[in-house]
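This report concerns only the one structure given below.
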Amino acid sequence: MSDKDFPVFIQTAFPQQPELDRWQQISREEADLVYAMTLRNELSGGTPVVREFEKRWRDWCGLEYSITTMNGSSALYCAYFGLGVGPGDEVICPAYTWICTIAPALFLGARPVFADSDPETLQLDPEDVKRKITPRTKAIVAVHLWGNVCDMDRLMAVSHATGVPVLEDCSHAHGARYGQRIVGSIGHVAAWSLQGSKPVSAGEGGVLATNDAGIFERACLAGQVNRIGGLDLVTKTYAYLQPLGLGMKFRAHPLGIGIAGIQLAKLDALNRSRKAYVEAVEEKIDGIPGLRSVKVYPKAERGGYYAFPIIHQPNASSRVPTATLIECFRRQGLAASSSPYPLLHRLPLFAKGFDLFTDQRGPLCGDYPGYRQGDFPAIENVFDRLIFLPMLSNPVPGAVDRISEMVAAAMDKAYSR
Ligand SMILES: Cc1ncc(COP(=O)(O)O)c(C=O)c1O
Numbered sequence: 001m002s003d004k005d006f007p008v009f010i011q012t013a014f015p016q017q018p019e020l021d022r023w024q025q026i027s028r029e030e031a032d033l034v035y036a037m038t039l040r041n042e043l044s045g046g047t048p049v050v051r052e053f054e055k056r057w058r059d060w061c062g063l064e065y066s067i068t069t070m071n072g073s074s075a076l077y078c079a080y081f082g083l084g085v086g087p088g089d090e091v092i093c094p095a096y097t098w099i100c101t102i103a104p105a106l107f108l109g110a111r112p113v114f115a116d117s118d119p120e121t122l123q124l125d126p127e128d129v130k131r132k133i134t135p136r137t138k139a140i141v142a143v144h145l146w147g148n149v150c151d152m153d154r155l156m157a158v159s160h161a162t163g164v165p166v167l168e169d170c171s172h173a174h175g176a177r178y179g180q181r182i183v184g185s186i187g188h189v190a191a192w193s194l195q196g197s198k199p200v201s202a203g204e205g206g207v208l209a210t211n212d213a214g215i216f217e218r219a220c221l222a223g224q225v226n227r228i229g230g231l232d233l234v235t236k237t238y239a240y241l242q243p244l245g246l247g248m249k250f251r252a253h254p255l256g257i258g259i260a261g262i263q264l265a266k267l268d269a270l271n272r273s274r275k276a277y278v279e280a281v282e283e284k285i286d287g288i289p290g291l292r293s294v295k296v297y298p299k300a301e302r303g304g305y306y307a308f309p310i311i312h313q314p315n316a317s318s319r320v321p322t323a324t325l326i327e328c329f330r331r332q333g334l335a336a337s338s339s340p341y342p343l344l345h346r347l348p349l350f351a352k353g354f355d356l357f358t359d360q361r362g363p364l365c366g367d368y369p370g371y372r373q374g375d376f377p378a379i380e381n382v383f384d385r386l387i388f389l390p391m392l393s394n395p396v397p398g399a400v401d402r403i404s405e406m407v408a409a410a411m412d413k414a415y416s417r
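Put into structure tokens, the structure is as follows:
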């Protein structure tokens with residue numbers, strides 16, 4: 001086999017509709033910093049660049065403690081560990097999220113308990129969360145999906161009423177707000193992915209932040225082996241375990257964090273530009289029968305804008321399958337697609353279960369009931385009608401008109417057949 005036979009897998013962000021978007025995620029500035037850091041051999045550990053980034057991150061989100069990790073999945077793992085999630089526990093998370101939201105909890109031995117989502121906003125439904133709470137529930141995961149924001153007032157009310165803490169997965173929603181607060185600063189602990197397609201990218205990286213010293217210290221113990229100079233434990237509780245902590249290593253690569261530091265400085269401008277584009281396209285979409293935009297809760301301000309879903313709403317008399325409509329969009333030249341993520345309960349892993357630790361041990365076997373179609377009617381109903389439009393970050397003049405013309409032409413074609 002030659003190299004040509006292998007698919008190239010690059011997962012950093014490139015314009016999704018290149019002829020309409022001038023954006024370039026990485027500039028000379030990131031390259032210069034990486035060059036300088038490399039010459040300084042600043043390539044491992046809690047280096048000055050890493051420590052400075054962590055300080056800026058906590059100042060930015062208004063939290064007291066933060067630590068970087070090698071990716072968002074490990075930030076989530078450390079957050080779960082910080083919350084004390086372990087064997088026999090249950091973690092409630094939306095059925096509609098990326099698998100990495102919940103996978104780290106499995107590896108700690110906890111069972112995922114999926115909940116439905118609000119079909120208007122695509123965010124976790126607090127009422128269903130309430131129904132799913134049991135004496136074993138150890139955490140609720142609020143995922144701010146696609147850059148939209150969960151109904152944090154209602155989720156925090158469930159948390160206060162039950163004593164179950166909330167972990168915010170902000171991987172898609174860097175800089176989104178709820179009320180006056182940046183998302184991630186509302187629950188008990190938060191994790192952000194800094195993976196290459198994210199609004200603030202380290203290539204591969206993650207960050208965790210919290211106001212809770214106990215959660216923070218356990219999170220550090222879980223993955224920051226030998227990083228004593230940057231760890232700054234705030235209490236004496238685990239001093240006797242330093243500098244090795246629990247011996248596990250999820251530390252971030254300093255070069256990635258250097259890149260993310262430069263990206264963080266560009267986030268406000270990126271969010272302003274994506275917001276203007278998304279809102280302008282949504283206004284046009286809402287004027288086209290058969291399509292509508294995804295709603296936003298009154299206190300929420302989207303951020304990050306990881307993707308741009310809209311909803312196909314066929315009328316009863318002329319039903320065009322959404323997959324056919326997406327084909328029509330693509331024939332017009334529009335980079336449209338169905339949901340990039342599956343519903344988790346439809347995956348064989350969660351539908352059937354899996355012998356995670358072999359010999360019938362682990363959270364997905366034994367009395368694990370599995371899942372079936374129909375378990376999450378609200379999100380199932382809307383999921384198959386989602387259409388993802390290209391996200392433009394620095395649109396060329398006239399891009400919004402061009403996008404809406406392509407959408408309108410595709411709708412005409414699809415519905416006049
Ligand atoms: C919602 C969500 N959570 C967690 C992750 C995991 O982040 P990472 O890929 O950096 O491990 C991702 C990554 O795409 C994500 O989209």
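Note that our numbering numbers the sequence shown so that position 243 is 243, with each residue one more than the last.
Beta carbons: idealized from backbone N, C-alpha and C, even for Gly.
For clarity, every value in this text was computed on a predicted model and none was experimentally measured.
Any heavy atom of ligand 1 closer than 7 Å to the CB of residue i?
{"i": "T101", "result": "yes"}
{"i": "L76", "result": "yes"}
{"i": "G184", "result": "no"}
{"i": "G203", "result": "no"}
{"i": "T68", "result": "no"}
{"i": "T121", "result": "no"}
{"i": "W146", "result": "no"}
{"i": "S73", "result": "yes"}
{"i": "Q373", "result": "no"}
{"i": "G427", "result": "The chain is shown from 1 up to 417; residue 427 falls before or after that span and cannot be answered."}
{"i": "V200", "result": "no"}
{"i": "T12", "result": "no"}
{"i": "V50", "result": "no"}
{"i": "V296", "result": "no"}
{"i": "Q16", "result": "no"}
{"i": "S193", "result": "yes"}
Can you tell me which residues form a DSSP beta bridge with residue i?
{"i": "W23", "result": "DSSP, once it has assigned bridges, lists no residue as partnering W23."}
{"i": "H312", "result": "L291"}
{"i": "G175", "result": "Partner(s): none; G175 has no beta bridge."}
{"i": "A336", "result": "Bridge partners of A336: none, in fact."}
{"i": "C78", "result": "None, per the DSSP bridge assignment."}
{"i": "Q195", "result": "G203"}
{"i": "Q17", "result": "Bridge partners of Q17: none, in fact."}
{"i": "I387", "result": "I310"}
{"i": "P395", "result": "D21"}
{"i": "F114", "result": "C93"}
Which one of the options has the shortest CA to CA distance from residue i?
{"i": "K352", "options": "P340, S337, P369 and Y341", "result": "P369"}
{"i": "L334", "options": "L267, A408 and E283", "result": "A408"}
{"i": "V50", "options": "P254, A213 and G86", "result": "P254"}
{"i": "A103", "options": "G88, S74, D116 and P119", "result": "S74"}
{"i": "L155", "options": "I133, V129, H172 and P135", "result": "V129"}
{"i": "A260", "options": "L233, Q17 and M70", "result": "M70"}
{"i": "V200", "options": "E64, A269, R292 and S185", "result": "A269"}
{"i": "R131", "options": "F81, S117 and G46", "result": "S117"}
{"i": "Q11", "options": "E283, G245 and G196", "result": "G196"}
{"i": "V183", "options": "I215, L145 and F216", "result": "L145"}
{"i": "F14", "options": "L392, S193 and A399", "result": "L392"}
{"i": "G46", "options": "K284, F383, A300 and K249", "result": "K249"}
{"i": "I262", "options": "L246, G88 and E52", "result": "E52"}
{"i": "A300", "options": "T38, L76, D153 and C78", "result": "D153"}
{"i": "A213", "options": "K236, S193 and N226", "result": "K236"}
{"i": "D125", "options": "Q373, A110, Y297 and R58", "result": "Y297"}
{"i": "I285", "options": "R402, G84, A31 and A95", "result": "R402"}
{"i": "Y415", "options": "A378, V320, M406 and A265", "result": "V320"}
Less than 8 Å between the beta carbons of residue i and residue j, yes or no?
{"i": "L208", "j": "L221", "result": "no"}
{"i": "G62", "j": "R177", "result": "no"}
{"i": "V464", "j": "T121", "result": "Nothing about residue 464 can be reported from this structure: the residues present for the chain run from 1 to 417 only."}
{"i": "P395", "j": "L43", "result": "no"}
{"i": "I257", "j": "G206", "result": "no"}
{"i": "Q123", "j": "C150", "result": "yes"}
{"i": "V141", "j": "D169", "result": "yes"}
{"i": "R500", "j": "A323", "result": "Shown here, the chain extends from 1 to 417; a query on residue 500 therefore has no answer."}
{"i": "K198", "j": "H174", "result": "yes"}
{"i": "G290", "j": "Q313", "result": "yes"}
{"i": "D375", "j": "C365", "result": "no"}
{"i": "G339", "j": "F388", "result": "Reading off the sequence shown, one finds Ser at residue 339, where the question assumed Gly. Yes, they are a contact pair."}
{"i": "L344", "j": "F114", "result": "yes"}
{"i": "T162", "j": "I133", "result": "yes"}
{"i": "A191", "j": "L167", "result": "yes"}
{"i": "C328", "j": "A410", "result": "yes"}
{"i": "T97", "j": "V143", "result": "yes"}
{"i": "P390", "j": "Q16", "result": "yes"}
{"i": "N82", "j": "C100", "result": "One point to set straight first is that residue 82 is Gly, not Asn, in the sequence displayed. No, these two residues do not count as a Cβ contact at 8 Å."}
{"i": "V234", "j": "S404", "result": "no"}
{"i": "P119", "j": "N381", "result": "yes"}
{"i": "S171", "j": "P165", "result": "no"}
{"i": "Y65", "j": "R58", "result": "yes"}
Ligand 2 and residue i: does any heavy atom of the ligand fall closer than 7 Å to the residue's C-beta?
{"i": "H172", "result": "You won't find ligand 2 in this model; what it holds is ligand 1."}
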